[in-house]
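Going left to right, the sequence shown walks through residues 11 to 234 as this note's numbering numbers them. All residues carry an ideal CB built from backbone N, CA and C; glycine is no exception. Heads up: the structure comes next, in structure tokens.
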Amino acid sequence: MPPSYHRCVTRLAIVGAAVIAALMLAGALPIAAQMARQIRVDVQFRQTGSQSRDAAGGGGVVITERGSVRPRGAAGAGATETRVQRSTGIFTLVQDGGESTLTVAQQVPYAQIAFYRDYATGAGYVASGIAFRDVGTALKVRASVLPDDRIRVRLTPTISYVATDGSGIIEFTEATTDVIVPNGRPVVLAGSTTDTNAVTRQILGISREQSTSETTVVLTATAR
Numbered sequence: 011m012p013p014s015y016h017r018c019v020t021r022l023a024i025v026g027a028a029v030i031a032a033l034m035l036a037g038a039l040p041i042a043a044q045m046a047r048q049i050r051v052d053v054q055f056r057q058t059g060s061q062s063r064d065a066a067g068g069g070g071v072v073i074t075e076r077g078s079v080r081p082r083g084a085a086g087a088g089a090t091e092t093r094v095q096r097s098t099g100i101f102t103l104v105q106d107g108g109e110s111t112l113t114v115a116q117q118v119p120y121a122q123i124a125f126y127r128d129y130a131t132g133a134g135y136v137a138s139g140i141a142f143r144d145v146g147t148a149l150k151v152r153a154s155v156l157p158d159d160r161i162r163v164r165l166t167p168t169i170s171y172v173a174t175d176g177s178g179i180i181e182f183t184e185a186t187t188d189v190i191v192p193n194g195r196p197v198v199l200a201g202s203t204t205d206t207n208a209v210t211r212q213i214l215g216i217s218r219e220q221s222t223s224e225t226t227v228v229l230t231a232t233a234r
């Protein structure tokens, strides 16, 4: 065969290989870009509490010159108010369509009491001991990007802490949800409110106490 034929075949082979490589690259780049997209999920726990106390009136006794005793009333007023705000945030990065788990906690010892029953003898006994529990924040999340700049998020955030009244009780808040949220826009997932009112009557006086606490869980998912 003439040399020109061999040169033509070689050129066709080179062009074909270049076309195949270009098609493979064009098909692989969008998939790689889509797989490499990351989603940042922020969860914030906002806790607000207030406590107020109002007291009015007072009492006492008066001793007269003849030695008799009679009650004495005096008007008075006092009010105190305390406000506490606490915010705890936790975030994690998750690949589009993937799952992530994050836990930031410390182990706190607490007393544990268990009742055991011996079915052979029919007797029971109580055993006490010390156990440890993780206290802090945890976040389990699965996220994926949807059309129209939206994000589907399935998450379980948890926050726990030791009660501030010194009782040693471990309090926690947990919310499990599957929602579709706008990209980068905060959304309130859950919340709880507690109101307590107490009235105490004393001698010639009344004392009123009121406390309010509110907890909200805010989610922000941002695709990058």
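Quick one: Cα of Thr-90 to Cα of Asp-64, how far?
-> 7 angstroms
Look up Pro-167 in the DSSP assignment and say whether it is helix, strand or coil. strand
Query raised in the report: CB-CB under 6 angstroms to Val-228, same chain, minus the five flanking residues each way: which ones, in chain order?
Result: Gln-54, Pro-196, Val-198
Can you tell me which residues form a DSSP beta bridge with Arg-192? According to the sequence displayed, residue 192 carries Pro and not Arg. DSSP output for Pro-192 lists Arg-160 as bridge partner(s).
| said: For a quick check, are the C-beta atoms of Ala-141 and Thr-168 less than 7 angstroms apart? | reply: no
**OP:** Closer than 8 angstroms by C-beta to Ala-231: which residues in its own chain qualify, once you throw out the five before and the five after it? Chain order, please.
**Re:** Ile-49, Arg-50, Val-51, Asp-52, Ala-153, Ile-161, Val-163, Val-191, Asn-193, Gly-194
*Segments assigned alpha helix (DSSP H), at least 4 residues, entirely inside the stretch 113 to 164*: none
- In or out: Ile-123 buried (at least 16 other Cβ within 10 Å) or exposed? exposed
query: Quick one: is Thr-210 buried, meaning 16 or more other Cβ sit within 10 Å of its Cβ, or exposed?
result: exposed
Considering just the uninterrupted stretch of the beta strand (DSSP E) at Thr-225, what are its terminal residues?
215 to 233
Next item on the list: Out of Ser-221, Ala-130, Val-151, Glu-219, state which residue places its alpha-carbon closest to the alpha-carbon of Asp-188.
Entry: Val-151
message: In the DSSP output, what is Gly-201 paired with across the bridge?
response: Thr-226
- Item | Neighbourhood of Tyr-120 by C-beta, 7 angstroms cutoff - its chain only, sequence neighbours within 5 removed | Ala-141, Arg-143, Gly-178, Ile-180
Original post:
Within 10 angstroms of its Cβ, does Thr-111 collect 16 or more other Cβ (buried), or is it exposed?
Top reply: exposed
Three-state secondary structure (DSSP) at Asp-106? coil
Close beta carbons around Glu-184, own chain, < 6 angstroms, minus the five adjacent residues each side: Thr-168
Compute the distance between the beta-carbons of Val-118 and Val-145, then report whether it is under 7 angstroms. yes
Between the C-alpha atoms of Ser-107 and Thr-98, what's the straight-line distance to the nearest angstrom?
According to the sequence displayed, residue 107 carries Gly and not Ser. Cα-Cα distance, rounded: 26 angstroms.
Q.
Measuring alpha carbon to alpha carbon, tell me which residue in Thr-225, Asp-159, Leu-165 is nearest Phe-182.
A. Thr-225
- Query: Which residue or residues does DSSP assign as beta-bridge partners of Gly-98?
  - Reply: Gly is not the amino acid found at residue 98; the sequence shown has Thr there. Per DSSP, Phe-55.
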